[in-house]
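Q: Structure provided below as structure tokens; questions to follow.
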Amino acid sequence: MADQVAETAPSKTGDKPQAESNVVIETRNLSKVYRDFWGRQKVQALKALDLEVRKGEIFGLLGPNGSGKSTTIKLLLGLLFPTSGQALVFDKDASDVGKNERIGYLPEESYLYKFLNAVETLDFYGRLFDMPADVRRDRVNELITMVGLDWAKRRQLKEYSKGMTRRIGLAQALINDPELVLLDEPTSGLDPIGTREMKDLILRLRDEGKTVVMCSHLLADVQDVCDRIAILHQGELKELGRVDSLITVKDMTQVRAEGLTKEAEDEIREVIARHGGKLVAMENPTTTLEELFLKIVRDSETNPGRRSTQEK
């Protein structure tokens with residue numbers, strides 16, 4: 002856990018205010034219990050979640066259905082209140098709705114008005130942010146071009162395919178030019194081409210300096226675009242760290258060589274030099290995020306409870 006962010010008020014000595022923290026999101030022992038009509042515990046959706054999301058990174062919340070990903074996003078937005086613990090966004094409590102003007106949100110299902118076209122949809126959401134008409138017009142055109150829907154911008158959304166709907170949903174999430182973008186299953190229901198286009202758009206957001214948090218159960222998508230990930234299972238944080246570090250097999254060494262005879266393959270280092278082969282690489286091999294994820298889920302079912310989540 003990072004140290005608590007210092008107050009930004011000037012000191013008595015006239016020092017300038019401190020710069021805003023590099024940590025965009027911080028959760029401290031964040032827990033959420035859903036209760037039934039009588040107040041009895043029904044489901045513990047999130048259990049003592051501790052994590053940080055840093056400025057300018059793509060952070061993935063990875064887990065099977067029901068692992069607490071969407072609950073975490075809703076807690077960060079202030080749509081739900083925690084049972085215990087705290088979530089901070091831009092150094093403010095997540096219940097502070099004022100922070101939401103700096104956030105864009107794409108829910109798992111895009112709840113858009115089907116009788117509006119793309120221009121009308123984005124103009125409507127721009128009005129909700131009280132954007133001036135000229136700024137709103139330029140932003141709408143910019144986003145429609147960005148998501149590749151110029152050719153369909155006058156068609157009603159009810160005529161859109163799933164992929165087109167997700168793209169206009171992303172444009173809606175970006176209408177206010179947010180610093181933080183929360184994406185819940187952004188590639189859900191997309192075909193391979195639509196998935197690739199969505200991932201390219203997410204990478205572009207990072208290149209523009211935005212912080213992106215995406216929930217997904219699609220492992221390849223997370224591995225392709227995320228800098229760091231948190232793996233959740235049954236509401237608990239099971240693993241946290243950089244993708245490249247998590248999928249590296251630490252206790253093995255892989256040697257790749259060129260020009261070796263079959264005989265030379267039996268004796269790695271000495272034989273490479275003796276037979277004139279070329280050592281291409283000697284490094285830790287990597288597994289796949291899918292293999293890591295399945296191992297964590299199986300281990301969790303065999304040995305319930307929190308694993309060590311020291312970041313890797």
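If you read the sequence shown in the working numbering, its first letter stands for residue 2, the second for the next number, and so on.
A virtual CB, placed ideally from N, CA and C, is assigned to each residue, including glycine.
Bear in mind the structure is a predicted one, so any value in this text is a computation, not a measurement.
Using a Cβ distance threshold of 8 Å, determine whether the stretch 203–219 contacts the stretch 175–184, with at least three qualifying pairs required.
A: Yes: the two stretches touch, three or more of their Cβ pairs being nearer than 8 Å.
Q: Could you tell me if residue 289 is buried or exposed, where buried requires 16 or more neighbouring beta carbons within 10 angstroms of its beta carbon?
A: The residue is exposed, with fewer than 16 neighbouring Cβ atoms inside 10 Å.
Q: Using three-state DSSP, classify residue 132 as helix, strand or coil.
A: Of the three classes helix, strand and coil, the one that applies to residue 132 here is coil, per DSSP.
Q: With a threshold of 8 Å on Cβ separation, who are the neighbours of residue 155 within its own chain once the five nearest residues in sequence on each side are excluded?
A: If we look at residue 155 and ignore the five residues flanking it on each side, its Cβ neighbours are 118, 119, 120.
Q: Mind checking residue 140: buried by the 16 CB within 10 Å criterion, or exposed?
A: By the neighbour-count rule (16 or more Cβ atoms within 10 Å), residue 140 is buried.
Q: Quick check: what's the CA-CA separation for residue 125 versus residue 258?
A: Cα to Cα, residue 125 sits roughly 59 Å from residue 258.
Q: Are the beta-carbon atoms of residue 216 and residue 71 separated by less than 8 Å?
A: Result yes, Cβ atoms of residue 216 and residue 71 sit closer than 8 Å.
Q: If you follow the beta strand (DSSP E) that residue 150 is in, where does it begin and where does it stop?
A: Residue 150 -> no beta strand (DSSP E), and no H or E assigned at all.
Q: Do the stretch 46–55 and the stretch 102–116 touch if we need at least three Cβ pairs shorter than 8 Å?
A: No, the stretch 46–55 is not in contact with the stretch 102–116.
Q: Could you name the residues of the same chain whose beta carbon sits closer than 6 Å to that of residue 68, not counting the 5 residues immediately before and after it, in chain order?
A: 233, 234, listed in sequence order.
Q: So residue 222 and residue 196 are in contact, right, with Cβ under 8 Å, and what is the actual spacing, rounded?
A: 7 Å between Cβ atoms; contact.
Q: Find the nearest neighbour of residue 58 within the set 263, 194, 162, 243, judged by alpha-carbon distance.
A: Closest by alpha carbon: 243.
Q: Would you be able to state if there are at least three C-beta pairs under 8 Å between the stretch 33–43 and the stretch 87–95?
A: Contact fails: fewer than three Cβ-Cβ distances are below 8 Å.
Q: Identify whether residue 40 lies in helix, strand or coil by the three-state DSSP scheme.
A: Three-state DSSP puts residue 40 in coil, outside helix and strand.
Q: Leaving aside the five residues before and after residue 13 along the sequence, list all residues of the same chain whose C-beta is less than 6 Å from its C-beta, in chain order.
A: No answer about residue 13 holds up, because its pLDDT of 42 lies below 50 and its placement is not dependable.
Q: Taking 7 Å as the line, does the beta carbon of residue 165 fall inside it for any heavy atom of the ligand COA?
A: The ligand content of the structure shown is nil, which means the ligand COA is not present either.
Q: Spatial neighbours of residue 262 within its chain, please: CB distance less than 7 Å, with the 5 preceding and 5 following residues excluded, ordered by chain position.
A: Around residue 262: 276.
Q: Within the continuous alpha helix (DSSP H) that includes residue 173, where are the two ends?
A: Taken as a continuous stretch (DSSP letters only), the alpha helix (DSSP H) holding residue 173 covers 163–174.
Q: Do residue 211 and residue 191 have their C-beta atoms closer together than 8 Å?
A: Not a contact, by the Cβ cut-off of 8 Å.
Q: Going by alpha carbons, who is nearest to residue 218 out of 53, 61, 54, 55?
A: Ranking 53, 61, 54, 55 by Cα distance to residue 218 puts 61 first.
Q: Which runs of the alpha helix (DSSP H) fall wholly inside the stretch 23–77 and span at least 4 residues, in chain order?
A: Listed in chain order, there is nothing to give.
Q: Can you give the beta carbon distance from residue 247 to residue 183, rounded, assuming they're within the 8 Å contact cut?
A: Residue 247 to residue 183, Cβ: 22 Å. No contact.
Q: Can you look up residue 248 in the DSSP assignment and give me helix, strand or coil?
A: Coil, per DSSP.
Q: Measure the CB-CB distance between residue 83 and residue 33 and report whether it falls below 8 Å.
A: Yes. Within cutoff.
Q: Would you report the Cα separation of residue 193 and residue 200, rounded to the nearest angstrom?
A: The straight-line gap from Cα to Cα measures roughly 11 Å.
Q: If I measure Cβ to Cβ from residue 312 and keep anything under 7 Å in the same chain, skipping five residues before and after, which residues do I get?
A: Contacts found: 241, 242.
Q: Looking at the unbroken alpha helix (DSSP H) that takes in residue 224, where does it start and where does it end?
A: Start and end: 220–226.
Q: Taking the Cβ atom as the reference point for each residue, do residue 189 and residue 109 lie within a distance shorter than 8 Å?
A: Yes, Cβ-Cβ distance for residue 189 and residue 109 is below 8 Å.
Q: If you scan the stretch 72–123 from start to end, which runs of the beta strand (DSSP E) of 3 or more residues do you find wholly inside it?
A: For the stretch 72–123, whole beta strand (DSSP E) runs of length 3 or above, ordered along the chain, are 85–90, 104–107.
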